[in-house]
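Participant: Going letter by letter, the sequence shown gives residues -37 to -1, 1 to 188 in mature numbering (1 follows the signal peptide of the UniProt record, and there is no 0).
One structure, as structure tokens, below. Some questions next.
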Amino acid sequence: MSLLVRMARFSVQVPSLRNSLRVLLMFLLVCVAICAGETHQHGRRNLIQLGNMMMCATGRFPSDYIDYGCFCGPGGDMKHAAIDATDQCCRDHDRCFDDQMRRCPPYLLGLIPFPYIATYRYTYDSCMSVFSTTWVNVSPGVSKAPKQAEKVKIQCGERQFGDKKTALCRRQLCDCNKNFALCLGRSKYDVRHRAINVEKTCTPAVPPQNASRPTGQDKTQLSNP
């Protein structure tokens, strides 16, 4: 789950923050939109980095994903199944962030989890613009990104700053966000999955029968440094 989504979840638990969060999100989204371009190298604040990746890969504002499906918004019980491919992107990102919080050193005496504010080096190229990109309708309420999405490139820097463990965490956080953004760009968007009733719509995931324990980790999960 993106940092924007986690902030939205927190705002639900603390109602007094809702209005402030909306103002902050709109300000940051405008800043991110202005910063987006064709070819750039970045090492700035994590929220802007994640927003840049999402808009680069989708041509949509991150706010489109704040209240989508079972995982792209408040809620997100891992016992539930995703309702479509876009929701699965958010579910996988949740899992990646949770792994980062377990393995990587937090900030401010443990008060702020690593993936929330950690920065990393990355580059992007051939981005889509949130001001000119139009998604293609494939059925009523369902659309997909235009062909340009296939040309988008996001690369995480091989060499990150900090000690060995921190540098590895930064690289893996970058991979986590990159995979999330590109996943959104290749997944269809269904407007009917916005602002759903999570309690009624999200159902428990059914584990495959005779499933064996995984012997390794997927690309979005961390390995021990």
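Every residue gets a Cβ at the ideal spot worked out from N, C-alpha and C, and that includes glycine.
These numbers come from a predicted model, not from an experiment.
So, under 8 Å CB-CB, alanine 20 and valine 115 are touching, yes? Tell me the CB distance rounded to an integer number of Å.
Facilitator: Right, the Cβ-Cβ distance comes to about 5 Å (below 8 Å), so this counts as a contact.
Participant: On the CB-based measure, 16 or more other CB atoms within 10 Å of its CB, does aspartate 62 come out buried or exposed?
Facilitator: Buried, by the Cβ-count rule.
Participant: Once DSSP output is grouped into helix, strand and coil, what is the label at lysine 107?
Facilitator: Strand at lysine 107.
Participant: Grab me the residues of cysteine 137's own chain with a C-beta within less than 6 Å of its C-beta, minus the 5 sequence neighbours each way, in chain order.
Facilitator: If we look at cysteine 137 and ignore the five residues flanking it on each side, its Cβ neighbours are Tyr83, Tyr85, Cys119.
Participant: Would you be able to state if there are at least three C-beta pairs under 8 Å between the stretch 64 to 75 and the stretch 91 to 99?
Facilitator: Verdict: no, contact absent.
Participant: Taking the straight line between their C-alpha atoms, what separation do you get for phenylalanine 143 and proline 167?
Facilitator: In a straight line, the C-alpha of phenylalanine 143 is about 22 Å away from that of proline 167.
Participant: Excluding the 5 residues preceding and the 5 following glycine 22 in the sequence, name in chain order all residues of the same chain whose CB lies nearer than 7 Å to its CB.
Facilitator: Counting only Cβ-Cβ distances below 7 Å, and skipping sequence neighbours, we find Met91, Ser92, Val93, Thr96, Ala108.
Participant: If we count the other Cβ atoms within 10 Å of its Cβ and call it buried at 16 or more, is asparagine 160 buried or exposed?
Facilitator: Exposed is the call here.
Participant: What first and last residue would you give for the beta strand (DSSP E) that runs through asparagine 15?
Facilitator: Taken as a continuous stretch (DSSP letters only), asparagine 15 belongs to no beta strand (DSSP E), being part of the alpha helix (DSSP H) at 9 to 21.
Participant: Run through the stretch 97 to 150 for me and flag every whole alpha helix (DSSP H) of 4 or more residues, listed as ranges in chain order.
Facilitator: DSSP runs (the alpha helix (DSSP H)) wholly in the stretch 97 to 150: 127 to 148.
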